[in-house]
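A.B. asks:
Number of protein chains: 4
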Amino acid sequence: MIVVMEPRANDQLVNSVVDKLKSMGFDIHLSKGIEKTIIGAVGERRAEAAQAVEAMPGVEKVVPILHPFKLAGLQFKSERTVVRVGQVEFGGTKIVNIAGPCAVESRDQLLAAAKAVKEAGADMLRGGAFKPRTSPYTFQGLEEEGLKILAEAREVTGLPFVTEVVNPRDIELVASYADVLQVGTRNMQNYTLLKELGRVMKPVILKRGLSATIEEWLMAAEYVVSAGNWNVVLCERGIRTFETFTRNTLDVSAIPAVRSLSHLPVIVDPSHATGKSKLVPAVSLAAVAAGADGLMVEVHPNPSEALSDGPQSLNPEEYREMLAKVKPLAVAMGRWA
Amino acid sequence: MIVVMEPRANDQLVNSVVDKLKSMGFDIHLSKGIEKTIIGAVGERRAEAAQAVEAMPGVEKVVPILHPFKLAGLQFKSERTVVRVGQVEFGGTKIVNIAGPCAVESRDQLLAAAKAVKEAGADMLRGGAFKPRTSPYTFQGLEEEGLKILAEAREVTGLPFVTEVVNPRDIELVASYADVLQVGTRNMQNYTLLKELGRVMKPVILKRGLSATIEEWLMAAEYVVSAGNWNVVLCERGIRTFETFTRNTLDVSAIPAVRSLSHLPVIVDPSHATGKSKLVPAVSLAAVAAGADGLMVEVHPNPSEALSDGPQSLNPEEYREMLAKVKPLAVAMGRWA
Amino acid sequence: MIVVMEPRANDQLVNSVVDKLKSMGFDIHLSKGIEKTIIGAVGERRAEAAQAVEAMPGVEKVVPILHPFKLAGLQFKSERTVVRVGQVEFGGTKIVNIAGPCAVESRDQLLAAAKAVKEAGADMLRGGAFKPRTSPYTFQGLEEEGLKILAEAREVTGLPFVTEVVNPRDIELVASYADVLQVGTRNMQNYTLLKELGRVMKPVILKRGLSATIEEWLMAAEYVVSAGNWNVVLCERGIRTFETFTRNTLDVSAIPAVRSLSHLPVIVDPSHATGKSKLVPAVSLAAVAAGADGLMVEVHPNPSEALSDGPQSLNPEEYREMLAKVKPLAVAMGRWA
Amino acid sequence: MIVVMEPRANDQLVNSVVDKLKSMGFDIHLSKGIEKTIIGAVGERRAEAAQAVEAMPGVEKVVPILHPFKLAGLQFKSERTVVRVGQVEFGGTKIVNIAGPCAVESRDQLLAAAKAVKEAGADMLRGGAFKPRTSPYTFQGLEEEGLKILAEAREVTGLPFVTEVVNPRDIELVASYADVLQVGTRNMQNYTLLKELGRVMKPVILKRGLSATIEEWLMAAEYVVSAGNWNVVLCERGIRTFETFTRNTLDVSAIPAVRSLSHLPVIVDPSHATGKSKLVPAVSLAAVAAGADGLMVEVHPNPSEALSDGPQSLNPEEYREMLAKVKPLAVAMGRWA
């Protein structure tokens, strides 16, 4: 940790900071420049110390040197984590293909979708039963009824399924049906939810917040992991920027970036990233080429009848064509799909 | 609602869209240009219809004409809402001054803060008992113990208090102590929380999400209002942009913008907006000049001892000086503080 | 073009707008809803009309229906443009590999770089002679001396070269040496420069502005094309967002987006997009997978001696290894590199 | 300057960096933590050294400690700069009111505007003769003819005028007519233009780039100042963010921020910041309350006839009403308008 003092900070102010840091067990290296004094501090209680010192008189800024995440970081665990869901492995050599509709709308719709994505080559089914919607006046999901339909689809197709949980009170219920629990982009910093998911022994797909930095995203994972659940899969799904042609901006560099910082697997949701079904295949290929461990794609048996996210959903035929392109690309990358 | 068809959409595709919209009760106005056909649709079930049509073949985009919020909008209720908390009125002529520390850290700290802000001229106390923190390793709040201390401070100073609620399960508990419930920036789209707050008869301060558009923010208010609780105060607290000199970027234009769209009162949190205590006074003045109905400022008896947000907290003396500048400005605006 | 009137706009205001549009030759379709009146207008002078009408009393907003670009758009020319530079083709089946240092620093440095990238498999050399630098106190480029060195490197290696032009006054000079002229990100909306480049018969690589939308980028291309020079290659190089881990955020979706809007070829600069050499290979693969027609990569014989952009430069060995990964990927995409 | 080494950097790599810095005249302070080694370096050639070291093997990042600007900074010159244009003073106690149309469209239009803003209380006239426009198909300005009309308006009203220069080749011409030269947002990093404006002895209004950080903006000022022209007035005009309700997002905190970093005066353009005339008055008041030294407002005799920026232009009556609100506010701030 580096503490930069203001140009006008006198010796007394510098000494107060030094004393404070020493009292918290830090080793101090002092460096007096002509314009500014800089205090290097080495010790354990960094987050606390930064907070304490940042507001002291004469302090210009505190520059952290180490990343704030610990357990989620490569420095803690250099071997890559593989998250297993039955025979599916996130972080293995196979690209994991997750597909299904945004929302479970009816038994017929979901079973049709499940069969279609199974046939097209998907490894896992997705579908929302509890839907966080921007408007209180649109379809909010079938709730437990939706979970039952998802379980039936698993029965029929053999595909495990992932579904979103939005309320800490529903975790037990959702976990009793689902194979994987998803934390949506709007809940990435819902720490109550994250902590409780850390105590459930089900894998978690943690979507990146709409405006979360990579570091904040890994800190959200840290909440789950530090509570005891190491089965976290990160999911990049686009960030909010000034560009409006696409619904969000896929941060493709985040894939190698996360891989250089963390041992956790990382997948990509090209549907929310672009918001336009015709851009989904190209962006999916880009994600795999950048090193993603999987793709979570919205597929609807009939996108124009979808109760949500129709414009970004592929139909089963389009999904099949997309996977036909992903497969040779994965092979060129030394993986398979 | 306007549906823009792709240049290559033939009559059959256009007719399918028209039929769909008619079946949902819409009146249709068709306009064929040389390059594109445009369908104007007038009717009630807009959100649904937009969704249904957006994914139909041949549709390029759907352009909404009306704002998605209803009850929160000026068109529904043109008279400005005044939210009353005892003698305090949000949306009256007086600028409401809310002040206090980021977190309740101890009985001594909070009572000192409460007395100091009361003396400086504050109308309401703020302080967090449940803290959403980026890191699981930093102070997470005193929880119910914190609420008790806040209630004691109210007893002592006569100031009502506002505190954040982060978990739907805690609403009842927090509401049994607090005068006003705050929804933090990270929970602005925690719809479970919003819906349940709509059923509590306590005023809610709804902070704008870090990357929420003004429209999304008003839709979040719509969740609370449509569930029955009209006592919503909006709070602009800075949005996330590329600028890193300040912690966030205060969107000062959002104040007159919200006032042109909604009847709900709007206040400003200059502390989170800037992240730097020395910028807080100037930004507070700007907020009042732009038409804000109140200011929520972090004040700590000793910012350099604060367990969170020290660098953006004023000490009581600085707060007093700030209010001394706000008062004449409010008068120049035809209000008072 | 759709004109949305304010809810309170009376017939007189609506008629004024209608009359104005008719006087500009537009056909009018009027649609009166309960809350708002909407005017559809079909005609030629759209940009002018939008401007004229937008500020008329009673007008809430004008929604354009057609894209503002014309010659650069797929609707004007559906056949993809191939930009030829000697034997190099942008927009053909081969991925064009451009490489070289950020700046020409000396004859030795550039010749070493040129030979190294030629040997590694590059098709074209890059190197800056006129450098736009954030600070007036850092190296500003060798200017004409740099151009001479680049020409010598072409002589030696046979590689054509691209270099940036920053000043309209230098166009003639730079064009007398270079094979391709580059417009940098900071000059994407330097319309004086663009117009004059439209009159030079040399291919232009047009980098996307740091905060330019896709539409603005294509409008910048329109400036060059409409002045007579159709040899424009678009270059995505990352946009500015809140994320600071990378220097910029590569907008990988912009590649298929541009290809769905324009016939012009599009390449990617992964070096500026990421700012970190270790992320460059993964991002380059992603760009090719997304459909990019080429890659422009910073390669320096000795990145730690570079006078600019060292941290994002590959050394020749790293570039060779990267191309070894790009080649099979290109083949999997049905192209070659 | 702080150099943070990667966790795996061995002594040899650390020593190379230390030697390099010593060879550039730096004093070194070494601090070895358990995970990372940190090198503090004190010396003069910082920009160069940062560049040299950043790309060396084993270096994770370089953290600058001092701001990159020198002459524009408060540390170089603590006394506030007052830029004088005849009797007008930027940075004095009076708020400078600049007003006029976006573009000079005709002699009649400009003279009407000039008389109207003079009568309403403006101190200076604005109007564009060379217009940077997003589309090559819209009005590009009257060029020298426009300058002549502006000069005539000065003759008639006594108001000095500011106008934009977009091309280095036009500087001499524009300077021969105008009292103040404006650098527009798209040219903030047009360094050729900035350097040449540094050699002209006319005041310069330097608009902040659409996506420029405060630091980059001050570095742009540094280009002008370091070339010899100290008469620079900074102009905040909104930055590009995800919010689309307003044309840009006024960064009101930038006003006190700039004042805490630089001695240069700072004004605000509320018209481009909001893009909506009805938001201009509230935002103007906010700017003055935040400490702005002036306001540059688009006023058109007939906004709905404007050839550009009509929707954000006030008519003379609205401008008069706005100034009537600004005046008492300025007085409350201890200034006058």
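Protein chains in written order, with the working numbering: chain C, 6 to 342; chain X, 6 to 342; chain F, 6 to 342; chain S, 6 to 342.
The beta carbon of each residue, even a glycine, is placed where N, CA and C say it ideally should be.
1. Tell me whether the beta-carbon of serine 313 of chain F lies closer than 8 angstroms to the beta-carbon of glutamine 56 of chain S.
2. Do valine 9 of chain S and valine 58 of chain S have their CB atoms nearer than 8 angstroms?
3. If we cut at 8 angstroms on Cβ distances, does threonine 279 of chain S have a partner in chain X?
4. Is any beta-carbon of chain S found at less than 8 angstroms from that of leucine 284 of chain X?
5. Between X:Ala183, X:Ser181, X:Cys107, which has its C-alpha nearest serine 318 of chain X's C-alpha?
6. If you draw a straight line from the C-alpha of proline 321 of chain S to the C-alpha of threonine 249 of chain X, how long is it?
7. Lysine 212 of chain C: buried (16+ other C-beta within 10 angstroms of its C-beta) or exposed?
8. Among C:Glu157, C:Thr162, C:Glu149, C:Gly163, which has the Cα closest to the Cα of glutamate 3 of chain C?
9. Taking valine 271 of chain X and alanine 104 of chain X to be in contact with their CB atoms under 8 angstroms, please state how far apart those CB atoms are, rounded to whole angstroms.
10. Would asparagine 20 of chain S be called buried (16 or more neighbouring beta carbons within 10 Å of its own) or exposed?
11. Can you give the Cα-Cα distance for lysine 200 of chain F and alanine 226 of chain F, rounded to whole angstroms?
12. Report yes if the CB atom of valine 90 of chain F is closer than 8 angstroms to the CB atom of aspartate 184 of chain F, and no otherwise.
13. Grab the span of the beta strand (DSSP E) containing arginine 131 of chain C for me, first residue to last.
14. Tell me whether arginine 204 of chain X is buried or exposed, calling it buried when 16 or more other Cβ atoms sit within 10 Å of its Cβ.
15. Serine 309 of chain F and proline 62 of chain S - do their beta-carbons sit closer together than 8 angstroms?
16. Interface residues of chain F around threonine 251 of chain C at Cβ under 7 angstroms?
17. Report the neighbours of serine 318 of chain X on chain C: residues whose CB is nearer than 8 angstroms to its CB, in chain order.
18. If the cut is a Cβ gap below 8 angstroms, which residues of chain C does glutamate 246 of chain S touch?
19. Which residues share a DSSP beta bridge with glutamine 187 of chain S?
20. Between which two residues does the alpha helix (DSSP H) harbouring aspartate 16 of chain X extend?
21. Taking 8 angstroms as the threshold (beta carbon to beta carbon), is proline 12 of chain F in contact with chain X?
22. Which residues, in order along the region 193–222 of chain X, keep a beta-carbon less than 8 angstroms from a beta-carbon of chain S?
23. Using a Cβ-Cβ cutoff of 7 angstroms, what residues of the region 44–71 of chain X are near chain F? List them in chain order.
24. Would asparagine 253 of chain F and glycine 280 of chain F be called neighbours here (beta carbons separated by less than 8 angstroms)?
25. From valine 88 of chain F to glutamate 65 of chain X, what does the alpha carbon distance come to, in whole angstroms?
26. With distances taken from CA atoms, which of F:Ile154, F:Glu124, F:Val47, F:Met129 is nearest leucine 26 of chain F?
27. Could you spell out where the beta strand (DSSP E) holding leucine 215 of chain C opens and where it closes?
28. How would you call glutamine 92 of chain C, buried or exposed, if buried means at least 16 neighbouring beta carbons within 10 angstroms?
29. Hey, is the region 114–126 of chain S in contact with the region 153–163 of chain S, meaning 3+ C-beta pairs nearer than 8 angstroms?
30. Just to confirm before moving on: does the CB-CB distance between alanine 342 of chain F and asparagine 102 of chain F stay below 8 angstroms?
31. Identify whether arginine 89 of chain S lies in helix, strand or coil by the three-state DSSP scheme.
32. May I have the straight-line CA-CA distance separating serine 28 of chain X from isoleucine 44 of chain X, to the nearest angstrom?
33. Alpha carbon to alpha carbon, what distance is there between threonine 42 of chain F and leucine 79 of chain X?
34. Beta carbon of alanine 52 of chain X, beta carbon of tyrosine 182 of chain C: below 8 angstroms?
35. Have a look at isoleucine 176 of chain S and alanine 311 of chain C and give me their C-alpha separation to the nearest angstrom.
36. Chain S beta carbons: is any one of them nearer than 8 angstroms to that of alanine 294 of chain X?
C.D. replies: In terms of the structure at hand:
1. yes
2. no
3. yes
4. yes
5. X:Cys107
6. 38 angstroms
7. buried
8. Absent from the structure is residue 3 of chain C, since the part of chain C shown begins at 6 and ends at 342.
9. About 18 angstroms separates the two Cβ atoms, so there is no contact after all.
10. exposed
11. 10 angstroms
12. yes
13. 129–131
14. exposed
15. yes
16. Ser258, Ala262
17. Ala60
18. For clarity, residue 246 of chain S is threonine in the given sequence; the question names glutamate instead. The answer, in chain order, is Phe247.
19. S:Glu169, S:Ile210
20. 16–28
21. yes
22. Ser216, Thr218, Ile219, Glu220
23. Gly45, Val47, Val68, Ile70, Leu71
24. yes
25. 30 angstroms
26. F:Val47
27. Here leucine 215 of chain C belongs to no beta strand (DSSP E), and DSSP marks it neither H nor E.
28. exposed
29. yes
30. yes
31. strand
32. 15 angstroms
33. 18 angstroms
34. no
35. 58 angstroms
36. yes
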